[in-house]
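**Student:** The structure under discussion is supplied below as structure tokens; questions concerning it will follow.
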Amino acid sequence: RGILFSGDHILGMGTTVIRPEEGDMGQYIASLEKLLAYDVRLICPGHGPVIRSPQSKLQELIHHRREREAQVLDLLGQGVNTVDEMLKSIYPEVDSRLKNMARDQVRAHLAKLEKEGRARREPERFFLTG
323 RGILFSGDHI LGMGTTVIRP EEGDMGQYIA SLEKLLAYDV RLICPGHGPV
373 IRSPQSKLQE LIHHRREREA QVLDLLGQGV NTVDEMLKSI YPEVDSRLKN
423 MARDQVRAHL AKLEKEGRAR REPERFFLTG
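Reminder that position 1 of the sequence shown reads as 323 in our numbering, one-by-one numbering, no gaps.
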């Protein structure tokens, strides 16, 4: 019937937190892209309101993750190479209660880039490759 029960994979509001120890940002983005091929007419998330425009929501989430990745790459190119420095730049006004989740998002994007060979880690710093 075209109804997707998404659990925490797709939320009715906001975005799912990807922690590098528990998930893979690359796989998460790929899974969202895969869902675009399905004839989904309604998404029932584990949290938040029902999503009545599934294709738009999926595109929005993919765009958000790609935009965040571009920010991380841009910062690396500028020589901003620690998670905390990136956190301050990407999330300048993050509520202190959400700081660890925001940090996890930066870390997840860096792990994705590292896995793809686009960034490398040297103890607590990251650098662009090539």
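In this text, a Cβ means the ideal position worked out from N, Cα and C, and glycines have one as well.
Report yes if the C-beta distance between Lys434 and Glu391 is below 9 Å; otherwise report no.
**Tutor:** Yes, Cβ-Cβ distance for Lys434 and Glu391 is below 9 Å.
**Student:** Buried or exposed: Ser378, going by 16 or more other Cβ atoms within 10 Å of its Cβ?
**Tutor:** With fewer than 16 other Cβ atoms within 10 Å, it is exposed.
**Student:** From Asp346 to Ile340, what does the alpha carbon distance come to, in whole angstroms?
**Tutor:** About 7 Å.
**Student:** Could you check how far apart the C-beta atoms of Ile412 and Arg387 are, in whole angstroms? I think they sit under 8 Å.
**Tutor:** Actually they do not touch by this definition, with Cβ atoms about 13 Å apart.
**Student:** Out of curiosity, what's the CA-to-CA distance linking Leu397 and Leu358?
**Tutor:** Roughly 30 Å between the two C-alpha positions.
**Student:** Take Ala424 and list the residues in its own chain whose beta-carbon comes closer than 7 Å to its own, dropping the five residues that flank it on each side.
**Tutor:** Cβ neighbours of Ala424 beyond the five flanking positions: Leu409, Tyr413 and Val416.
**Student:** Excluding the five sequence neighbours on either side, which residues of its own chain have a C-beta within less than 8 Å of the C-beta of Leu364, listed in chain order?
**Tutor:** Cβ neighbours of Leu364 beyond the five flanking positions: Gly324, Ile325, Leu326, Val372, Ile373, Arg374 and Pro376.
**Student:** Just tell me which of Asp361, Pro367 and Gly336 has its CA closest to the CA of Gly329.
**Tutor:** With distances taken between Cα atoms, Gly329 lies closest to Pro367.
**Student:** Hey, would you say Asn403 sits closer than 9 Å to Arg447, going by beta carbons?
**Tutor:** Going by C-beta atoms, Asn403 is nearer than 9 Å to Arg447.
**Student:** Specify the secondary structure class of Leu420 as computed by DSSP and reduced to three states.
**Tutor:** Helix at Leu420.
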